[in-house]
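**Q** Its first residue numbered 5, the sequence shown is counted upward by one per residue in my numbering. Every residue gets a Cβ at the ideal spot worked out from N, C-alpha and C, and that includes glycine. Note that the coordinates shown come from a computational prediction; the quantities given were computed from them, not determined experimentally.
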Amino acid sequence: MSRDPRIHPLFREQDGELAIAGRTVGEWIAAAGGRTPLFIYDRAIIAAKIADLRAALPTEVGIHYAMKANPMPQLVAWMAGQVDGLDVASAGELRVALAAGVDPAHISFAGPGKRDFELELAIGAGVTLNIESAREFARAAAIGDRLGKRVRAAVRVNPPFDLKASGMRMGGGAKPFGVDADKVPALLTEIAAEGADFRGFHVFAGSQNLSAEAIIEAQRKTLDLVADLSEYAEVPPPLVNLGGGFGLPYFPGDQSLDLAAVGQALGKALAARDPILAETRFVVELGRYLVGESGVYLTRAIDRKMSQDEVFIITDGGLHHQLAASGNFGTVIRRNYPLVNASRFGARDAENLNVVGCLCTPLDKLGDKVVLPATEVGDIIAVFMAGAYGLTASPTAFLSHDPPAEMLA
Ligand SMILES: *Cc1c(COP(=O)(O)O)cnc(C)c1O
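1. In terms of residues, what are the limits of the beta strand (DSSP E) holding R160?
2. To the nearest angstrom, how far is it from the Cα of P163 to the Cα of G299?
3. Would you kindly work out how many angstroms separate the C-alpha atoms of D372 and R338, rounded to a whole number?
4. Please work out which residues of its chain come closer than 6 angstroms, Cβ to Cβ, to L435, disregarding the five sequence neighbours upstream and downstream, and give them in chain order.
5. Just to confirm my understanding: we take D307, look at its own chain, exclude 5 residues before and 5 after, and list those with CB closer than 7 angstroms. What are they?
6. What do you reckon, is the C-beta of D184 under 7 angstroms from a heavy atom of ligand 1?
7. Flag E289 as yes when its Cβ comes closer than 7 angstroms to any non-hydrogen atom of ligand 1, and as no otherwise.
8. Quick one: what's L133 bridged to in DSSP?
9. At which residue ranges does the stretch 226 to 286 contain complete alpha helix (DSSP H) runs of 4 or more residues, listed in the order of the chain?
10. Roughly how many angstroms lie between the CA atoms of V315 and F349, to the nearest whole one?
11. If you run the structure through DSSP and keep just helix, strand and coil, what is E64?
12. From A84 to Y45, what distance separates their C-alpha atoms?
13. Taking the alpha carbon of D278 as the point to measure from, which residue in L123, L246, E235 has its own alpha carbon closest?
14. Beta carbon of G291, beta carbon of K72: below 8 angstroms?
15. Should R7 go down as buried or exposed, given a rule of 16 or more other Cβ atoms within 10 Å for buried?
16. How many angstroms separate the CA atom of Y301 from the CA atom of G331?
17. Can you look up T303 in the DSSP assignment and give me helix, strand or coil?
18. Are there 16 or more other CB atoms within 10 angstroms of the CB of L151, so buried, or fewer, so exposed?
19. Measuring alpha carbon to alpha carbon, tell me which residue in S94, Y293, S347 is nearest Y69.
20. Rounded to a whole number of angstroms, what is the C-alpha to C-alpha distance between R224 and L274?
21. When you measure from the CB of Q212 to every non-hydrogen atom of ligand 1, does any distance come out below 7 angstroms?
22. Sorted by chain position, which residues of the same chain lie with C-beta nearer than 7 angstroms to E21's C-beta, five sequence neighbours on each side aside?
23. I need the straight-line Cα distance from N356 to D313, nearest angstrom please.
24. Grouping DSSP H, G and I as helix and E and B as strand, with all else coil, what is Q18?
25. Can you list, in chain order, the residues of its chain whose CB lies under 8 angstroms from that of A101, leaving out five sequence neighbours each side?
26. Using only CA atoms, which one of V183, A158, A35 lies nearest to A196?
27. For F208, is the beta carbon positioned less than 7 angstroms from some heavy atom of ligand 1?
28. Is P240 near T193, with beta carbons less than 8 angstroms apart?
29. Have a look at V295, P342, F333 and flag the residue whose alpha-carbon is nearest the alpha-carbon of A55.
30. Measuring CA to CA, which of P180, E140, A103, A109 is closest to K118?
31. Return helix, strand or coil for V207, following the three-state DSSP convention.
32. Could you pull the start and end residues of the alpha helix (DSSP H) that I195 belongs to?
33. Using a Cβ-Cβ cut-off of 7 angstroms (strictly less than) and excluding sequence neighbours within five positions of S1, which residues of its own chain qualify?
34. CA-CA distance, P189 and L233?
35. Restricting to Cα atoms, I'd like to know which of V360, T400, F202, A104 is closest to M310.
36. What residue range does the beta strand (DSSP E) around I33 cover?
In structure tokens:
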């Protein structure tokens, strides 16, 4: 059996089963009280990703974790000790970040529709707001006055370029995110006039990108843009959040991002940066790149049947927990996530199968025409790449099944 390169090498075989952090899936499920479906996130894999990033990126570039990729509180609490800050996008995420004991000075809050109670919570805690509009800043300033707190404000800029070849584009053209670059000078004047604490800029141009060239180009343009905009600020930006967009190879034929190339080019671009940014600190904000490969979604086969000449393995999981693997979260063409029979991880591939979830919808596919070892009712099917935008990005209320369990390995 040739191993799927999308399955992280720290996932191993033990006693014929898939093992995670030295325990077989059978042992993990027993530890969860026999419960399936079950998500497991392996910290050793996240630590390895962070170590790779630290080795590749220039030393003056910090790493922030974008919590929306996986907000499991235990995982966030552990991440807090591994990265240089957390980026949150709601009061709910902010509460988890604060409960994890993260210094509010290292938390930033982005999101185009922050409500007053969210602004209050963030300003009260001393978190940096990534301001998304002039109106939002005016609301924040009024709340700051009422609370007697100085607002920590960074400006999220909608850049006049996008991150080319991205899975999701979040900059360039008309967008709900950030402030158009040409409107930033007026906002900077407002920030100074209100006596807010200007923290810098946030530029996020896109997501799920595997092209080092495209990321390098966007980072260069971001440095030029923030240098130009800094001319209009009262003080140079203390921090520039360069965005991220580092993608993962989810599908056969995807090439991993060339991290070394990104790191080297960023080092050069920073060495040549405009002197107005001489004292500025820089961060990248990453979600899926840090946690995506660490997660595995375990489901149990509850039926096996033939329809015409095809075999269907029906599991107790599905798109209500792992929407992305069903191909219904931001993909145009449905392709399979890497998937194995975890109970027979050491066995030879033997049959063509369809692996589906338990929901009454034809969208609920986990593996469409996959080749697996002979698979029986009771076997555990593992779907990889489940650490980011898995449970958190899935419609758990759909069909009213119980939520899955989650464990941190
Ligand atoms: C979603 C998001 C991220 C994380 O994106 P990934 O593709 O998971 O790295 C980072 N920053 C902002 C502003 C986002 O909206």
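**A** In brief:
1. Segment 156 to 162, the beta strand (DSSP E) holding R160.
2. Going by C-alpha positions, P163 is about 33 angstroms away from G299.
3. Each residue's alpha carbon lies about 9 angstroms from the other.
4. Because the chain in this structure spans residues 5 to 413, residue 435 falls outside the shown range and cannot be described.
5. Within the same chain, D307 has close Cβ partners I318, V381.
6. D184 has its Cβ no nearer than 7 angstroms to any heavy atom of ligand 1.
7. At least one heavy atom of ligand 1 is nearer than 7 angstroms to the Cβ of E289, so yes.
8. L133 pairs with F113, A157.
9. Runs of the alpha helix (DSSP H) inside the stretch 226 to 286: 263 to 275.
10. Each residue's CA atom was taken as its position, placing V315 and F349 some 20 angstroms apart.
11. Looking at E64 - three-state DSSP - the assignment turns out to be coil, as it is neither helix nor strand.
12. The alpha-carbon of A84 is positioned some 16 angstroms away from that of Y45.
13. For the set L123, L246, E235, the Cα lying nearest the Cα of D278 is the one of E235.
14. Result yes, Cβ atoms of G291 and K72 sit closer than 8 angstroms.
15. Flag for R7 reads exposed.
16. Near 15 angstroms, if we compare the C-alpha coordinates of G331 and Y301.
17. Three-state DSSP puts T303 in a strand.
18. It is exposed - the Cβ of L151 has fewer than 16 other Cβ atoms within 10 Å.
19. Here the closest residue by C-alpha is Y293.
20. Between R224 and L274, the C-alpha separation is close to 9 angstroms.
21. Closer than 7 angstroms to some heavy atom of ligand 1: that describes the Cβ of Q212.
22. The residues T28, V29, G30, A346, S347, F349, in chain order, have a CB closer than 7 angstroms to that of E21 in the same chain once the five nearest residues on each side in sequence are set aside.
23. About 10 angstroms.
24. For Q18, the secondary structure class from DSSP, reduced to helix, strand or coil, is strand.
25. Here the set comprises M71, V80, A84, L90, V92, I111.
26. In terms of Cα proximity to A196, the closest of V183, A158, A35 is A158.
27. Result yes, Cβ under 7 angstroms from ligand 1.
28. In this structure, the beta-carbon distance from P240 to T193 does not fall below 8 angstroms.
29. With distances taken between Cα atoms, A55 lies closest to V295.
30. Ranking P180, E140, A103, A109 by CA distance to the CA of K118 puts E140 first.
31. Coil at V207, not helix or strand.
32. Looking at the DSSP string, the run of the alpha helix (DSSP H) that includes I195 is 188 to 197.
33. Limits of the chain in this structure are 5 at one end and 413 at the other, which puts residue 1 out of reach.
34. Distance between the alpha carbons of P189 and L233 is about 7 angstroms.
35. When the alpha-carbon of M310 is set against those of V360, T400, F202, A104, the nearest one is in V360.
36. Where I33 is concerned, there is no enclosing beta strand (DSSP E), although the alpha helix (DSSP H) it sits in stretches over 29 to 35.
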